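Q: Take this structure first; my questions come after.
Protein chains in written order, with the working numbering: chain A, 1 to 647; chain B, 1001 to 1647.
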């Protein structure tokens, strides 16, 4: 089977989905505008970000000191990438004009040698490339390259691409194994995926080579980052980096020798995404094997059922196998976006559809939970259990916000969610040499060429309710094929093509449907009955507990529906779960799930005492679960995913 | 009832107890020696502490830089206090001689104006009294005063008392409301209890007044510590103090206005101990009421069943009501020692015996767990649930050691345990005006005067096994009384005096026995049947869980007896618990408790998968619990206090 999958042209995809349409629709409508106001410090009641301001100063249009976090520029680049995707989706409104103007500003801010980073240009020119561990220069450059590639591909306008190339050329000159070059690599990976995208857009091989250099040089001895840190002495930007450990940035050993998901979760995912790209481009089996090892360690030992990763509030990182605390977990939204990026690439690299099971898990749960329905409030941290009164300073949950926030001082997540939702088409469809791949069952239309065949396809998905997906495909020019992923959550299912039942043969997680010229109707039926899940015995936190899923959606209990003290709730293992009609206050008309449970109260302890007689009173109760992604949209309060089983 | 209780003369008490005798016996035998080697950097394989070395430099006997943590001197003072108590107990061996020599050194190190602190003398004389928030100068002085008072009272030798007085006189001159005085107070309370002890020993009222000044000045506006921190700019000793919040050191408002146990737990307990002393000395009702409020908030909202306090690994502090995580909790050994100090004073202040219920809880569980049976390994942090593989860097349990340690770089706990165990008599007995008080049922002998009566008493306690306590008392000179605390854990009980059953009348938690001249035999029988406890519903962490106690002892499950994966264990609420014969490898011949339980394994999830079908297999199992204080004495492994109930 040919492995290399190409991304579809987002301009020829439209999302019509009830759930995702509601969020994607917000992007042009609200999110771009909201984020623009934040970048320009025009949002009332919000702390200034100084983002555009910094570019003005760098461009010489204003005087002043550069403010905000060292990687503040990336907010603009991620916004720009979202605008590009929104233009493709036909929902950018007048933001293309704003983007063009801001691109002029970016170009003006760039130095003549290609250097571009408002912090170092304005505040510390003598420190350029001298603090790779903390400075985020290459990370920032990577986001710029990603934005540039997207904006160019979608609009055809070359201005930002030129900026990116000039910057990439500089990076190629500065970093490398040659004499006089810096033998370093980024403390926060990202420039690698940026360079690879730039290569794919421009065909300029040196960008690909440079990405390979960064991955191959990383973690080799003598260790560049360790030496740099010794040279620099005290931390320059992040006091908590005082005892910087190399594992934090996956630079403790060369990536191709790594076998566990370690350190800062977002860094790890961006590194792995680049590794998977390089493994594909260079047909590098060793790198592929490393990717598979890390993926397996992550998804089988270190991932929450919601697709959240990074279980530690200390530096947003992976910890150790099976350490998955529900209340104090981190699960950064951006880390799950990174997981989606990595999984998408692994599917392309290996030809196996199953990678999309975890992409789907992350997308439908943690990533979607990262944003409210309105599109103006965000979660950075996504635990599986919240008691708001404990999410206070000094508790183990001090990093947890029990309510979505307007913005963050480190605001990586909001624009990252925006660019992900705005480019959702790339996770739904992919182009093979002789087939159109369908990876997600999100209602949408696509028209595309597959070789000399033209296909116009319309997918109407009722996956999240009945599990039924209807596809209409019009093929012309030549016969072609559909490769349809069979989701891991569906234990049974059937496929009808043009009204006849198909004998389904699944290979590498796909079924192949040959489509002759003409129109076809395909009906997929997946098993999306609500199901209870248990965790591996080694996850001590979830011992004796169950989590409820329906299709790819993890469900949770909210105080809104079930009262507080959710920790008192018990459920029979065999309890029958009924899907009921949606709560109109939630997105996507997703069914609400109802079932019988128990409240077990300790009634032997007097109200004002802390400890007392064991006397549990068990009372039957009706429970009502909603999709995890939807929590905290109706009211503030407790939330719980893993529920105690009656054993 | 007369409230003021005096401490007994430790020289006239001998501990004969099976359990505590085993630990107390180690003090002269091993602990003093072990700790001496650490203070003098003679312990092989241990990091140097530089403790005595620093004094040598300060005394001008050596040249060099002062090393170790800023409050390193206190290790020596606490050791010295332990030596004093050990001399009283007749088990100091040749350490009195060593102590005398080290006192000479201390005296030589003291400056002519009374100043004494090796860090500031050697490394930063210009910074004296300039960093009260971080510098621990007054804290260090307080420990010196406590040691001096004990050493003088027990040995009659005045040398160290003179040093302490000279130092206290300086502090009285430097700090106060007067013009030219520093209007400050310590960032870490301790000098207050030190000054009060010095007052009680010397009768010098100004020391008491000075202690009152420190408590009364604390937290008033304009806030001294806030201003000092602004003045100083960056942290000098502890980078984590960058965003120093005043609540951390209970200086957010005046102590007498406080009503919750907040901030750093040890600091809070030392402050409260001084407040209770002052309330008693000045008959200050307002201060007493504040003490009662803080005590109640702590013991009814913020204390583990083991008497551990401070639920947060972030800065060893109290968090919020009912936030009592079992695995990531802190429960510093020193904080529970502080709780004992506070409770002892509250009983004296209020005349209520019930304060000793929590003193006992802390002593028998968290404090005793702080040290191994051998006396050479220590816990600083005492969680109620340990899975060693999760107590690694970056997890929420990163501050937890799953194995007792040799020593710590911040080594407050080991010498604090030593001085507490070496002076145990003060928690067992107290002297009232007309009665001898018995607060703890720890086998021991005491001879003392009560007014013009002489009493020689021998207590043989089998409390922890059968609940029976036999007391023989010989009274001469005049009739007298015994005030015997009825422990809160005992729901029934009876008292026989000279072979006749007594009609027990409990008042303020005590029974009063009038004893005529002559010998008497008293037999107490308390209810120490094993009992299961539940926590208040608001402690979400313990919902549906039970903890097993027998008398004052909290029991736990260890991997040693029950295998690993203790999180799989369930117990019926009505399960019958049998006391069996002790495990000889544990201290004190404490009964081991056996009962039936279940193992609930998730067998629907394949070994290499993370999530899967809910299929719990429940198998009966025999469980064996040991006292919490004894855990990790036989082997390393998992430990669990709160066990899941079958509901």
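Ideal placement from N, C-alpha and C gives every residue a C-beta, glycine not left out. Everything numeric in this text was worked out from a predicted model, so none of it was measured.
#1: By the DSSP assignment, the beta strand (DSSP E) with residue 1627 of chain B in it spans what residues?
#2: Three or more C-beta pairs closer than 8 Å, one from the region 431 to 444 of chain A and one from the region 14 to 24 of chain A: is that the case here?
#3: By Cβ distance below 8 Å, which residues in the same chain neighbour residue 1404 of chain B in space, the five residues on each side in sequence not counted?
#4: Less than 8 Å between the CB atoms is what I'm expecting for residue 1566 of chain B and residue 1560 of chain B, so what's the real figure, rounded?
#5: Quick check on the DSSP output: the beta strand (DSSP E) that includes residue 1520 of chain B runs from which residue to which?
#6: Give the C-beta separation of residue 313 of chain A and residue 399 of chain A to the nearest angstrom, bearing in mind that I take them to be a contact with Cβ-Cβ under 8 Å.
#7: Going by DSSP, what residue range makes up the alpha helix (DSSP H) through residue 328 of chain A?
#8: Which full runs of the beta strand (DSSP E) of 3+ residues lie inside the region 37 to 61 of chain A, going along the chain?
#9: The region 532 to 556 of chain A: which residues have C-beta closer than 7 Å to a C-beta of chain B, in chain order?
#10: Answer yes or no: do residue 1136 of chain B and residue 1078 of chain B have a C-beta to C-beta separation smaller than 9 Å?
#11: Secondary structure at residue 1 of chain A, three-state DSSP: helix, strand or coil?
#12: Is it buried or exposed, residue 1094 of chain B, if we count other Cβ atoms within 10 angstroms and call 16 or more buried?
#13: State yes or no: is the beta carbon of residue 1229 of chain B nearer than 9 Å to at least one beta carbon in chain A?
#14: Taking the alpha carbon of residue 1508 of chain B as the reference point, which residue from B/1350, B/1640, B/1455, B/1481 has its own alpha carbon closest?
#15: May I have the straight-line CA-CA distance separating residue 1001 of chain B from residue 1014 of chain B, to the nearest angstrom?
#16: Counting only beta-carbon separations shorter than 9 Å, does residue 1016 of chain B have a partner in chain A?
#17: When burial is assigned at 16 or more other CB atoms within 10 Å of the CB, is residue 629 of chain A buried or exposed?
#18: Please tell me whether residue 439 of chain A and residue 453 of chain A are closer than 9 Å, where the distance is taken between their beta carbons.
#19: Pop quiz: residue 1293 of chain B and residue 1259 of chain B are said to be a contact at Cβ under 8 Å. What is the actual Cβ separation, rounded to whole angstroms?
#20: Please look up how many angstroms separate the CB atoms of residue 72 of chain A and residue 49 of chain A, rounded, as I've assumed it's under 8 Å.
#21: Out of B/1511, B/1502, B/1387, B/1004, which one is the CA nearest neighbour of residue 1636 of chain B?
#22: Taking the beta carbon of residue 574 of chain A as the centre, do at least 16 other beta carbons fall within 10 Å, making it buried, or is it exposed?
#23: Any beta carbon from chain B within less than 9 Å of residue 487 of chain A's own beta carbon?
#24: Please confirm if residue 1002 of chain B has its CB atom under 9 Å from at least one CB of chain A.
#25: Suppose the cutoff is 7 Å on Cβ atoms and the five residues either side in sequence are ignored; what does the same chain contact list for residue 1182 of chain B look like?
#26: Tell me which residues of the region 384 to 407 of chain A have at least one Cβ-Cβ distance to chain B shorter than 7 Å, keeping chain order.
#27: Can you pull the chain B neighbours of residue 303 of chain A, defined as C-beta to C-beta under 7 Å?
#28: Mapping DSSP to helix, strand and coil, what is residue 130 of chain A?
#29: Between the Cα of residue 1535 of chain B and those of B/1551, B/1382, B/1198, B/1321, spot the shortest distance and give me the residue it belongs to.
#30: By Cβ distance below 7 Å, which residues in the same chain neighbour residue 59 of chain A in space, the five residues on each side in sequence not counted?
#31: Tell me whether residue 397 of chain A sits in a helix, a strand or coil according to DSSP, three-state version.
#32: Could you name the residues that DSSP lists as bridge partners for residue 175 of chain A?
#33: Just tell me which of B/1474, B/1158, B/1190 has its CA closest to the CA of residue 1202 of chain B.
#34: Residue 1113 of chain B: buried (16+ other C-beta within 10 angstroms of its C-beta) or exposed?
#35: List the residues of chain A that residue 1323 of chain B touches, going by C-beta distances under 7 Å, in chain order.
#36: So, using beta-carbon positions, are residue 1244 of chain B and residue 1264 of chain B closer together than 9 Å?
A: By the coordinates alone:
#1: Counting along the chain, residue 1627 of chain B sits inside the beta strand (DSSP E) bounded by residues 1616 to 1627.
#2: Cβ pair count under 8 Å is three or more, so yes.
#3: Cβ within range, chain order: 1371, 1372, 1377, 1378, 1379, 1632.
#4: With 8 Å as the limit, residue 1566 of chain B and residue 1560 of chain B do not qualify as a contact, their Cβ atoms being about 11 Å apart.
#5: 1518 to 1526
#6: 4 Å
#7: Boundaries for residue 328 of chain A: no alpha helix (DSSP H) harbours it, and the DSSP string shows neither H nor E there.
#8: The region 37 to 61 of chain A contains no whole beta strand (DSSP E) run of 3 or more residues.
#9: 532, 533, 534, 535, 536, 537, 540, 543, 544, 546
#10: no
#11: Note that residue 1 of chain A scores 40 on pLDDT, short of 50, meaning its location in the model is unreliable; the coordinates nonetheless yield the value given after this. Residue 1 of chain A falls in the coil class under three-state DSSP.
#12: Exposed is the call here.
#13: no
#14: For residue 1508 of chain B, the nearest C-alpha among the options comes from B/1350.
#15: For residue 1001 of chain B, the predicted structure reports a pLDDT of 40, less than 50, and the residue's modelled location is therefore unreliable. A value from the coordinates is still provided. Cα to Cα, the separation comes out at about 28 Å.
#16: no
#17: Buried, by the Cβ-count rule.
#18: Going by C-beta atoms, residue 439 of chain A is not nearer than 9 Å to residue 453 of chain A.
#19: 4 Å
#20: 6 Å
#21: B/1387
#22: exposed
#23: no
#24: A caution first: residue 1002 of chain B carries a pLDDT of 41, below 50, which makes its placement in the model unreliable, though a value can still be read off. Taking Cβ atoms only, chain A never reaches closer than 9 Å to residue 1002 of chain B, which makes this a no.
#25: 1129, 1174, 1175
#26: 387, 389, 390, 392, 394, 395, 396, 398
#27: 1610
#28: coil
#29: B/1321
#30: If we look at residue 59 of chain A and ignore the five residues flanking it on each side, its Cβ neighbours are 105, 108, 109.
#31: coil
#32: A/182
#33: Residue 1202 of chain B has its Cα closest to that of B/1158, out of B/1474, B/1158, B/1190.
#34: exposed
#35: Ordered by position in chain A, the residues that pass the 7 Å Cβ test against residue 1323 of chain B are 390, 395.
#36: In this structure, residue 1244 of chain B keeps its C-beta atom at 9 Å or more from the C-beta atom of residue 1264 of chain B.
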